[in-house]
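Colleague: Would you mind keeping the following structure in view while I ask a few things?
Chains as they are written, first to last, in the numbering used here: chain Y, 1 to 877; chain A, 878 to 1754.
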C-alpha cells in the first residue's frame, strides 16, 4: 500500500508529530464541528522524505490533487476555474513554532483569468486585483526569493504617499504587471500563472525553508532536532476584506492577563489578518461584534464554548468573517501571566473541566515567583538605562548609596535606598539588610550579592556590566550618564532592568486562588520542602511560604553582624587560648540567642544548623587593602603605632591567606583545626534547645558538619559534638534530642557515602560546592570568565550552578543515595544548594529519591509546585 | 581437647602470627639443627586470652611446667635446684617488633640458694652473684616497676667511680641485699625468691606490657591492630660472661652496607649481649674468633651457611659462646642499604638460592632512589642546622644565594650555588636550573620548588620552617645563626637535612648489578613507564633511566624562559588581535624548536604534549606587588609615566585575577576562550613533527587537552587541533600522524569517560588535580595548613597527593577505565600525576589496568621496579 502523505483536516487523529501543531489543531476544530475552511495537511513525513531524498515523494502530487478535489467539492468552487475560482493559503506548521521558516502564502490560484472571474463573482474588482497584487508580491518574495524591498519600491512609486487603500483598480492592475516583470527580470523566468504550479512551488518552498540558515540556527539554539521536518497546510481562502460584513480577529477564551472567564479578543471589520498585525487601524473588543456582526458574534460565542470544552484549556485563536459567516483559521494553547495561569487552573477545576492533577501541571513553577514580590507598575513608562542579571526577583525603588555604612545611615533617616556596589562582600550584609534593592556591576547569579539578596527576598540586579561604581567619589556611571549619591533609581529583579527615576510599584498578588492552588499542589508531592534561613525573620517568612523546616542555617552569617564581627576578629587574632576563649564566650552568648529565635520561629519543625564553614580570612580585612595602607603609611612616614598595628594584622592575614580559599581551610577542616569553635557552636545550639524546651517550644535541631571528604572527619567532629552535648546535659541536668549529619558537597564524600552514613543521621547535598568540585569550576571565576562563552558555544546546555547537571553531578548524587541507604535504609537525604528551588533540579531530586529540598524562602512555593509536578509526572515509576 | 598454649622450640611449624617473630625463628633454627638453647614459646593466643579475659588461661601454668620439665631433661639441670640450677630468660616476641613492650628478663630462677649453687657449679662466685645482682635489678625494674634510676643509685654508691667489673663478690652480695630491700620498700612486698613465681610474674609482665601507653601509641602510629597480642619466649640461659672461652656477638650473613658475601659481624669475649649494646668495650670482627675461639668459629661458619640455605635471605643473628660452645639466640631478616639489597638479590640468583621473581621482590622500590643521585659522604661529620622535607633526593653543596638573578650571575662565574627562597615561583626556574640545590622555608612535598626540583633531578629541601630567608637584605636565619649571601651550606635531599659548610659528596652507585637487576624487573612488568619531561635534557635523562616515552610535556614551562616570558606577556597584554598574533608568531618559532628537540631525544617513542594549562596571570607580575608599587609611586609622587604604565598593567592583571585560580580560566577553558593559543601550539607540534620526519626521526606526538570536564570541551578543541593540523599538512604538502587525547583530572570527566572516549584516542590521569577536586583540597593550601594535622590525628592515613587515595580518587580512576574502555576497548590510559612514580600508586595503576605510568625522570627506575613487583604480586589475578 502506498504511504499516505496528505490528510484532509480531521481525517487523521490529533498528532502534532505528523501534522504539525497548526495542522493538528485545524483537524481537531474540523472534527468538533467548528467552521474551519476546508483544506488538507501534507505531513512532516513528506518533508522528512524531501530532506532525505532531496525531492518530494513521487506520489505526493497526485495525493494533493485528490485532496484538493475534495475541497472543491466541499466549497463548490474550482481551483483555476475562471468562473468560480477556488483560492488557497499555504502555511507551514512544524511541531514547534519556529521563526525563520516560510510562514504563509495567500491567494494561491490567482492569475489574470481567475482574478477577472473573482472580480465578477464577488462583484468587487478592487478586492480581486488587490488579492492578485498581494499574491504576486508574497509569492515573489517568499517562494521565488525576490527581495521584498524591490516590490515595495514598485508599490511606493504608485502610492506616492497615499495609503494602500487609495490605490485604484487600474493602478492595481498596473502594479500586478510591473510585479510580474520584476519577477521575470530577477528570476529569469515568468511568474507561474498556472494555479497547480503555484501550489506545487509553494509547498516545495515550505519544505525547503526547513533548512534555511536562520531556521537551523534557531533549532540549534532551542535543541530542536534537525530531522523533525515541517507539515504544510493548504486551506481554502476566506476573505475578511470583502466589505462591512467581513472582518478578522484574534481572541482568547479567557483573559490571559487576569485569567477571568470573559470574552477576550479584538477584531477589525473589512480587514485581513495582516492588517490586525500591522496595527494601522485600532481593533475593537470582540463584544462589539454583537452589534456589528450579530450572526458571526453568535457563532463566536459557540466557538469559545466548544474550544474550551474540547481542549479543556484556555485557547488563543484566529478567525475571519466573510460575508457575515465566521471561519476558524487557527487555535493554540494561550500564553498567560502567572496570575492568570493560577486563576484559570483553579477555575477550570471548579468548572469540572479538568482535575486537580491537571490543574497543578498547568502552571510553570518559576512563573509564580512573580506573585510573591512587589512589582513595577506594568503601566508605568520606564527609562531603562542598563540591564544586568535578574538575580533576585521583585522591584525596588530608592536612592543610590555606595556602601553599607551610608545605606544604614540613610535608612536610619527614613530614606529608601538602593545599595550599588561593584560587588558585595560579607561586610556589606548590614547595608544590604536595610536597602530596598541591590545593584552590582560584577558577579553572577550565584555571586554573594545574588545569593544573599535571594535569601533576604530582596530585589537584586547583579553583574550589570554597563554600570561602573566609583566607591571613592560615590558616583555611578552608566555610559556617559553620571549618578550622584542619592539619585533615584528603580530595579526590576524579574528582568534585570535598571531604570532611571522613581517608578510606581504594585503589591504582590497572593490572591485566594493561589492558596487553593498550592494546597492542591501539596497533595501531590512526596518531596518535603524546607528553607535556607539564618534569621528568625527569614524563618518566619519561609514558614509563611509553606516551608516544612530549615534545611540550612548558615551560622557564619550570624558572625558578620556589627556586634559580632569584632569578637570574631578577636577570636581569630587571639594570641593564646585564653584570648580565644574570651572571644568565644561572647560569641556563645549571641549564638545561643540566635538559635533560640530560630527554634521559636520553627516550633515543631526541624532546623538544620551548619557549623562554621567559610575560611577565617573572610572575617578579616582584605590582604590587599592592608598592603596598600601599610605602603602608604611607610611612604608618607605616617603614625608608627598605626603602622605597627596594621603590620600585626597583616601578618595574621598572611598566615590565613590561601591560594584557593574554596579548597582551603574551611568547613569541617576548621572545626578540626579549631575545635573550640565547634564546641562553642554546639554548646550554643544545645543550650538554646534546652532553654526553648523549658518554654514549651518543640525543638528539632540537626547539627550539620560541612565539607566532609573522609568519614574520619565526620567521626572526629561528631565526637566533639557528642562530648559537648553530654557536657551541657550534665550542667543543665536535662537532656534534649539532636541529630548529627553532614553536608555532601565533595566528590569524595559521594564516593564513600556508605562509610559516611555510618556516622551520619542525615545528609544534605551542598550542590554549589559539589558542582564546583565536580566540574573544577570556581563559581565566582567561571561565571565572570568562561561560563558565558561555554553556554554561547553550546559546550554546556546552561549554567550548572543554576540547574543540576544530571550527567555529572547528578550521577554523584544518585551514587550517594544508593550507597548511603545501603548502610542506613531510612537515611534522611536532602539538598540545600541553590538548585534546591529550581524546578528541573527539584524534579531530579524527586526521581533519585531525596526526602526534601531546601531553598531560599521566596523559592519555597516554587519548589513546592515543582515537587508536585515531579510527583505527578513520575507517579507511575 | 584442651587448647595448647605452649610449644617447645621447633614443635610447631613456622607461624609468626601464633609464635611471634622471635619464637618462630627460634623454632626454625632448632629444627634445622642449629645450636639453640632449649626453651618454649607461649603463644600470642594466650596473650589474646589474657587481654580479653583479664587473666591468663587457667591451664597455662601447668602447660608451662610441662614444657619446662622437657627443658630440664634436655639440659640436665633443674629449675630451682640449688645443686644444679637451670636459669631462664623471658623475652617478648610479637609478630611485629614493637618498642614500648617489655623486652627481656634474664637469669630467672636465681635466689640465695641457687646463686650459691651456681657459684659452686661454675666455680665462679663472682659470675654467680653478678648474675643474681642483674636479675634483681632487671626484674625489679621491668616486672615489678621499681624505677631503674633507684637501682643505679644503689649501684653507684658501691662503685664509687669504679667500673662494674671492679666490684668484689662481697660487694655484689651486699648490693643484692640492698636491691631486695629497695624492692620491698617500693612494692610493699618482698622480692619473689621462688623460681616458679619469678617465671610466672615475668610471663604476666610481658602480657601486660602489650597494653602500656607507649606500646598503644606505637601500634596506632604504625597501624598495628591492638588485638594481635605478643608471644613469650622462655629459654634456658647460656652465659657469654663465663671467662675467656665465652663471649657474645651479632652478625650478618652478608655485608649489609655493600651486599658483599663475607663474614660480617662482631663479638666480645667474656661478655653478655647487653655489653655489646652498651658499647663500653670495642667488639672485634668475627673472623678474629678463628684465633680466639676456633671451635665456636667453625660452628659459626656452619651457621652462616645453614641460615642462608634455609632462609634464602640475608640474616641478622645473635649468638653466645659459653665454655667454647656456640649458641644461637635469635635470627631475623637483615636490614640493608639499597646498594646491598640489589647486590644480594642479584648474587642470590647467581647462587641459585632464589629465582629472579623473588630477587625483584627483595628491593624496596623507593630505596633505589639513593642509587641514582650524588650522596653526602657517609663518613663525613655533619653540622646539621635544620631539617626540612626531603623534597627531591641527592646531595648539594654550594654557596647560598637568594634570588634567581644572583644564582645565574654566580653560576656564570663558575660558583656552585644553593638557591634559598621562602618559596619559589615560576619566575625562579632559570635560577633553579643553574643551582646545585634548592632550599625553601615554606611549601610541601608538592610545592613548586619540590615539583620542579624533582623534575630537574635536583636536590631540594623544602618547607624547612626553621629557616627564615630575608630576600631583601640577602640573609638567611636559622635560630640565632645568620648566613650571609655566599656562605657554604650542604643539603641532603634524602633526609631533608640542612648542613652548615662544605660536605664531601660521593657519586651515584649505578653498578653493573643494578643494570642486571632492572632488566629482570622489566621482564615482570606489564605497565609501561614514561617520564614527565619538558626539555631535551630531561627527555634524554629519562630515556637513560629507561623511560618508554614522554607521558607529560608541560608546555607552559617553555614560556617562562627569559626569551619567552616577554612575548608571552605581550600576547596576554595585546590590545588587539594583531598584537596578539605578532606575539604568538614569535612564540611559535620557539615552541617549534622546543618540540623538535624533544622529538629527536625521544626518537621512536611517544611524546605526550599537553596544551597550555595554567591561568594567564601566572605569566604576569603579582597583583600585590603592582598594588604596592603603584601606592608607593602615588604617595611619593613618583614618575607619572611609570605610574601610568603600571596602572595599565594592573588593570589587565585585575581582569585576569581569580579568586580560586585552580578552578578558574585554565586548561582547555583557556584554549577555548583563546583559540589562537591552541592553534599556535598545534602548529608548532605538527611543523616540528614534519621537519623531524624529514630528517629521519620517528615522531609519535600525542596532543593532550587538559582539564576537560565535559565531552563538548574536548570536541571543540579537537576540532581546532584537526583543522590546524590539516592546514599545516596542506602548506607543507606532507602529512604526519598524531593522536588527540585528554587529561582526566576532574571528577566530571571520570563520570562521563564513556562520552569523552568518543573523541579521545588516549587518556591520562592528572591525579594532582583529580585529588584536589575529589577531596576539595587545594594542594598548596592543604599542605601548609591542615593536612599535617589530618595525618597526625589519623583522619587520613597519609598525604593523598603523595599516594593515590584508593578509597576515593581510586574509585573514580577505576570508573574511568571501565567507562572509557566500554566505548573504546583498546583505549590507551596512563597516569602522569605526582603519584605516577610512587610504588603503592603504581601497584594500584597495575591493578586497575592502566597502560602506563609517567613520572619525573629520576623516579622512572622506581616506577619500573614498582610495576614489576605489582606484576609479580598480582599475576594470578
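Where a beta carbon is used, it is the ideal one built from N, C-alpha and C, also for glycine.
#1: Just to confirm the assignment: which complete beta strand (DSSP E) runs, minimum length 3, are found wholly within the stretch 741-828 of chain Y?
#2: In whole angstroms, what is the alpha-carbon distance linking residue 999 of chain A and residue 1253 of chain A?
#3: Name the two residues that bound the continuous beta strand (DSSP E) containing residue 488 of chain Y.
#4: Is there a Cβ of chain Y sitting closer than 8 Å to that of residue 1504 of chain A, yes or no?
#5: Contact check, residue 1397 of chain A vs residue 1276 of chain A under 8 Å by CB: the rounded distance?
#6: Give the secondary structure of residue 1372 of chain A by DSSP, where H, G and I count as helix, E and B as strand, and everything else as coil.
#7: Of the residues that make up the stretch 736-763 of chain Y, which ones have a beta carbon closer than 7 Å to any beta carbon in chain A?
#8: Assuming residue 1482 of chain A and residue 1577 of chain A make a contact with CB atoms under 8 Å, what is their CB distance in whole Å?
#9: Going along chain A, which residues have a C-beta under 9 Å from residue 769 of chain Y?
#10: Take residue 1627 of chain A as the anchor and find which of A:1095, A:1431, A:1686 and A:1474 has the nearest alpha-carbon.
#11: Give the interface partners of residue 1657 of chain A over in chain Y, defined as CB-CB distance under 7 Å, in chain order.
#12: What residues of chain Y sit near residue 1587 of chain A, judged by a beta carbon separation below 7 Å?
#13: Please classify residue 1380 of chain A as buried or exposed, where buried requires at least 16 neighbouring CB atoms within 10 angstroms.
#14: Mind checking residue 32 of chain Y: buried by the 16 CB within 10 Å criterion, or exposed?
#15: Which same chain residues, not among the five before or five after residue 1742 of chain A, have their C-beta less than 6 Å away from its C-beta?
#16: How close, in whole Å, do the beta carbons of residue 1316 of chain A and residue 1294 of chain A come, if the pair is a contact with beta carbons under 8 Å?
#17: If residue 795 of chain Y and residue 1589 of chain A are in contact, beta carbons under 8 Å, what's the gap, nearest whole angstrom?
#18: In or out: residue 1034 of chain A buried (at least 16 other Cβ within 10 Å) or exposed?
#19: DSSP on residue 251 of chain Y, reduced to helix/strand/coil?
#20: Would you report the Cα separation of residue 19 of chain Y and residue 875 of chain Y, rounded to the nearest angstrom?
#21: Quick check: the Cα distance between residue 1210 of chain A and residue 1128 of chain A, rounded to an integer number of angstroms?
#22: For residue 772 of chain Y, would you say it is in contact with chain A, using Cβ-to-Cβ distances shorter than 8 Å as the test?
#23: What residue range is occupied by the uninterrupted beta strand (DSSP E) comprising residue 1361 of chain A?
#24: Counting pairs of Cβ atoms below 8 Å between the stretch 1564-1575 of chain A and the stretch 1600-1612 of chain A, do you hit three or more?
#25: Mind listing which residues of the stretch 796-824 of chain Y have their C-beta closer than 8 Å to chain A's C-betas, in chain order?
#26: Restricting to Cα atoms, I'd like to know which of Y:352, Y:324 and Y:369 is closest to residue 339 of chain Y.
#27: Rounded to the nearest angstrom, what separates residue 1161 of chain A and residue 1188 of chain A at their Cα positions?
#28: How would you write the range of the beta strand (DSSP E) that residue 325 of chain Y sits in, first residue to last?
#29: Tell me which residue opens and which closes the beta strand (DSSP E) that residue 1430 of chain A is part of.
#30: Is DSSP giving residue 879 of chain Y helix, strand or coil here?
#31: Quick one: residues in its chain with C-beta nearer than 8 Å to the C-beta of residue 980 of chain A, no 5 flanking neighbours on either side, listed in chain order?
#32: I want to verify the contact list: residues of chain Y whose CB lies under 7 Å from the CB of residue 1662 of chain A, in sequence order.
#33: Going by the beta-carbon positions, is the gap between residue 130 of chain Y and residue 172 of chain Y smaller than 8 Å?
#34: Using a C-beta cutoff of 8 Å, does residue 1584 of chain A count as contacting chain Y?
#35: Please go through the stretch 1231-1285 of chain A and give each complete alpha helix (DSSP H) segment of 4 or more residues, from N-terminal end onward.
#36: Flag residue 472 of chain Y as yes if its beta-carbon sits less than 8 Å from any beta-carbon of chain A, otherwise no.
Modeller: The structure says:
#1: 762-765
#2: Those two C-alpha atoms are separated by around 52 Å.
#3: 488-492
#4: yes
#5: Not quite, the Cβ-Cβ distance comes to about 43 Å (not below 8 Å), so this is no contact.
#6: When secondary structure is reduced to three states using DSSP, residue 1372 of chain A falls in the coil class, being assigned neither helix nor strand.
#7: Here the close residues are 746, 747, 748, 751 and 752.
#8: Yes, they are in contact, since the Cβ atoms of residue 1482 of chain A and residue 1577 of chain A sit about 7 Å apart, within 8 Å.
#9: The answer, in chain order, is 1653.
#10: A:1686
#11: 659
#12: The contacting residues are 795 and 796.
#13: buried
#14: exposed
#15: Excluding residues within five positions, the ones whose Cβ falls inside 6 Å are 1242 and 1398.
#16: With a Cβ gap of about 11 Å, residue 1316 of chain A and residue 1294 of chain A do not count as contacting.
#17: Confirmed, about 4 Å.
#18: exposed
#19: Of the three classes helix, strand and coil, the one that applies to residue 251 of chain Y here is strand, per DSSP.
#20: The alpha-carbon of residue 19 of chain Y is positioned some 30 Å away from that of residue 875 of chain Y.
#21: 12 Å
#22: yes
#23: 1358-1361
#24: yes
#25: Cβ proximity to chain A below 8 Å picks out 796, 805, 807, 808, 809, 811 and 812 from the stretch 796-824 of chain Y.
#26: Y:369
#27: 26 Å
#28: 325-333
#29: 1427-1431
#30: An answer regarding residue 879 of chain Y cannot be provided, because it is not within the stretch 1 to 877 covered by chain Y.
#31: 968, 969 and 1019
#32: 664 and 665
#33: yes
#34: By this cut-off, residue 1584 of chain A is an interface position.
#35: 1233-1238
#36: no
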